[in-house]
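The next block holds one structure in the form of structure tokens; read it before the comments.
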Amino acid sequence: MVEIRIITLLSIALQHVLRGHVPPTDLVKSIISEGLGLGIVAGSCLVKVPQIVKLVSSSSAQGLNPTSFEIETFCATVAATYGFVHKLSFNAFGESVAIGLQNIVLLFLIYKYQKRSLGRRVVVLVGLMTWLAAAQGGHLTAELLNKLFDLNSIILLVSRIPQITQNYRSKSTGQLSFITYLMNFLGTMARVFTTLQEQGGAAMLRGVIMSMVMNGIVVMQIIMYKNPKKKKTQ
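Here the sequence shown is numbered in our numbering, starting from 157 and rising by one per residue.
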């Protein structure tokens with residue numbers, strides 16, 4: 157378990173310090189990587205909350221592209237299932253579970269406030285339930301999930317393009333939460349380090365870097381297209 161591993165690493169580092177030695181660089185990097193991994197998972201449990209609160213408080217989903225959130229939810233579902241099927245440490249994929257669950261809440265808020273069709277809601281709900289049933293029944297093989305995971309880099313790119321394009325065309329980011337996307341951006345920056353440190357592989361690294369770039373673009377758009385303050389009347 158990752159919790160036991162980080163305690164072991166910290167114990168070894170403390171032994172070096174008590175002996176008057178500086179802990180080896182590789183040990184320090186491993187501790188940082190494990191700590192960041194735990195921090196990413198913990199932070200992901202709240203990363204979408206500011207966006208959810210913003211939608212509920214304003215009773216509006218203006219500027220949010222449902223297609224982007226649908227694709228992102230699919231990616232998170234694939235990543236989470238991949239982790240479970242391969243019996244990885246929860247530290248390696250826990251944020252996918254947290255983000256996927258929060259995205260489902262966001263999706264149905266977007267459907268509600270944008271008055272999207274009932275058919276679209278049913279298709280998404282049935283799709284998620286079918287996927288979970290297939291995973292539970294062991295019908296999603298490791299080989300299939302490996303192929304889907306390799307496609308996640310492209311899918312993540314596609315998931316952000318509709319939102320980025322909509323922001324650019326309207327010169328507005330509507331109800332998009334700056335805090336949520338900033339946390340996403342910082343989280344993916346940290347995940348680049350942990351992926352390199354844990355040798356997560358080229359496919360995973362490409363996906364993380366691509367996600368970081370896409371989140372960074374949205375953060376910049378929110379800053380650039382922020383509604384100017386209304387001038388006070390004389």
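Quick reminder that beta carbons are idealized off the backbone N, C-alpha and C, glycines included.
Buried versus exposed, by CB contacts within 10 Å (16 or more), Lys-388: Residue placement at Lys-388 cannot be trusted, given a pLDDT of 42 that sits under 50; what the coordinates show is reported in the next sentence. Exposed, by the Cβ-count rule.
field: For Thr-336 and Lys-204, believed in contact at Cβ under 8 Å, the rounded distance
entry: 6 Å
Secondary structure, alpha helix (DSSP H): runs of 4+ residues fully inside the region 280 to 335: 298 to 326
message: Measuring straight from C-alpha to C-alpha, what distance separates Leu-165 and Ala-198?
response: 20 Å
- request: Tell whether a beta-carbon distance below 7 Å holds between Ser-189 and Gln-331.
  value: no
Contact set for Leu-263: own chain, Cβ-Cβ below 6 Å, skip 5 residues either direction: Phe-225
field: The alpha helix (DSSP H) enclosing Tyr-238, as first and last residue numbers
entry: 222 to 241
- prompt: Where Ser-326 and Val-178 are concerned, what is the direct C-alpha to C-alpha distance, given to the nearest angstrom?
  reply: 55 Å
For Ile-266 and Ser-135, the rounded distance between their alpha carbons: Lying outside 157 to 390, the shown extent of the chain, residue 135 is not represented and no answer is given.
query: Under 7 Å, do Leu-313 and Met-368 count as touching if we go by C-beta distance?
result: no
task: Keeping to the same chain, check which residues put their C-beta closer than 6 Å to that of Pro-206; ignore five residues upstream and five downstream.
output: Ser-333, Ile-335 and Thr-336
task: Give the straight-line distance between the Cα atoms of Ile-187 and Val-279, rounded to the nearest whole angstrom.
output: 44 Å
task: Compute the Euclidean distance between the alpha carbons of Lys-210 and Val-348, then round it to the nearest angstrom.
output: 29 Å
- request: Give a yes or no on contact between the region 227 to 239 and the region 247 to 259, applying the rule of three or more CB pairs nearer than 8 Å.
  value: yes
query: Which residue from Ala-298, Arg-316 and Thr-181 puts its Cα closest to that of Val-234?
result: Ala-298
message: Once DSSP output is grouped into helix, strand and coil, what is the label at Lys-382?
response: coil
- prompt: Which residues bound the alpha helix (DSSP H) around Ala-254?
  reply: 246 to 269
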